[in-house]
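Asks:
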Amino acid sequence: MTPQPTDNYMVTIAERLTSAYARIAQAAKNNHRDEQSISLLAVSKTKPADDVIAAYTHGQRQFGESYVQEAVTKVTALADYTDIIWHFIGPIQSNKSAQVATHFDWVQSVDRTKIAKRLNEQRPADKAPLNVLIQVNISLEEAKSGCHPDELMSLAEFVNQCPNLCLRGVMAIPAKTDDAQLQLQYFEQLSACFDKLKAQYPQVDTLSMGMSNDVEAAIAAGSTMVRIGTDIFGQRN
336 MTPQPTDNYM
346 VTIAERLTSA
356 YARIAQAAKN
366 NHRDEQSISL
376 LAVSKTKPAD
386 DVIAAYTHGQ
396 RQFGESYVQE
406 AVTKVTALAD
416 YTDIIWHFIG
426 PIQSNKSAQV
436 ATHFDWVQSV
446 DRTKIAKRLN
456 EQRPADKAPL
466 NVLIQVNISL
476 EEAKSGCHPD
486 ELMSLAEFVN
496 QCPNLCLRGV
506 MAIPAKTDDA
516 QLQLQYFEQL
526 SACFDKLKAQ
536 YPQVDTLSMG
546 MSNDVEAAIA
556 AGSTMVRIGT
566 DIFGQRN
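Here the sequence shown is numbered in the numbering used here, starting from 336 and rising by one per residue.
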């Protein structure tokens, strides 16, 4: 049975979603950009299917998940909502790649050829190619996922040659910082990576950067997709 939202969820999440879109619109205006060129990915990880439905009811269609088992349960429960676009945005373990390849429309966290190869081989034949963003470790943190910026073009070439994958752009989660200038610098570096990729691959159109705490800086630097979770669904447990 498909779960249904409660009125409380719907009102709260609807209001927060409206605020998130208004924030994007204002940031776009401040930077002389078309707000329609920036999409919102609602990060629903750790949140129940009811919350996804509440956002869906308010018009949201793109949702991001980071934990494979939880995500697959949610995707399956909401299978009747056929126009939801599911993005996997977390680290991909080899033993979970088949589930990611099967259940998602986009993967934003491809950072090595081994994972790209597995996703390509495991993508079901009856599904469209899996949209891929390459995750770049733009702030060069030792413990963070993402390829080194210098490895981006070779990984992109590999992904582009995979028939069951479609290279769409880049993603990053820069180091948290209260230094607004450094924050902007990271985003501008990723934007330069995106421009370089786009110049070589005409289908590349997505620069995924910016979250609840740094949307404005990301949009100023050219983001085409911001990933917002807490500001829509509330704090995670």
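Where a beta carbon is used, it is the ideal one built from N, C-alpha and C, also for glycine.
A quick note: this is a predicted structure, and the numbers were derived from the prediction, not measured.
(1) Assign A436 to buried or exposed, taking buried as 16 or more other Cβ atoms, counted over all protein chains shown, within 10 Å of its Cβ.
(2) Could you tell me which residues DSSP pairs with N466 in its beta bridges?
(3) Measure the alpha-carbon distance for I373 versus A556 and round it to whole angstroms.
(4) By alpha-carbon positions, which one of I567, N572 and D540 ends up nearest to S577?
(5) On a Cα-Cα basis, can you pick out the residue from S547, E405, L475 and K531 that is closest to A362?
(6) Could you give the C-beta distance for Q434 and V407, rounded to a whole number, given that I count them as a contact under 8 angstroms?
(7) If you count every other CB in all the chains shown that lies within 10 Å of the CB of G569, and 16 or more means buried, which is it?
(8) Assuming P451 contacts V505 under a Cβ cut-off of 8 angstroms, what Cβ separation, rounded to an integer in Å, is found between them?
(9) Comparing C-alpha positions only, which one of C497, T347 and L375 sits nearest to R358?
(10) Can you look up R453 in the DSSP assignment and give me helix, strand or coil?
(11) What residues in its chain sit with their C-beta under 6 angstroms from that of T588, if we drop five residues either side in the sequence?
(12) Alpha carbon to alpha carbon, how far is A491 from I469?
(13) Using the beta-carbon count (16 or more within 10 Å), is Q404 buried or exposed?
Replies: Taking the definition as stated:
(1) buried
(2) W441 and C501
(3) 12 angstroms
(4) Residue 577 falls outside the range modelled here, since the chain spans only 336 to 572, and no answer is possible.
(5) S547
(6) 5 angstroms
(7) exposed
(8) Inspection of the sequence shows that residue 451 is occupied by Ala rather than by Pro. Actually they are not in contact, since the Cβ atoms of A451 and V505 sit about 14 angstroms apart, beyond 8 angstroms.
(9) L375
(10) Residue state for R453 is assigned as helix, using DSSP reduced to three classes.
(11) No information on residue 588 is available, as it lies outside the stretch 336 to 572 that the chain covers here.
(12) 7 angstroms
(13) exposed
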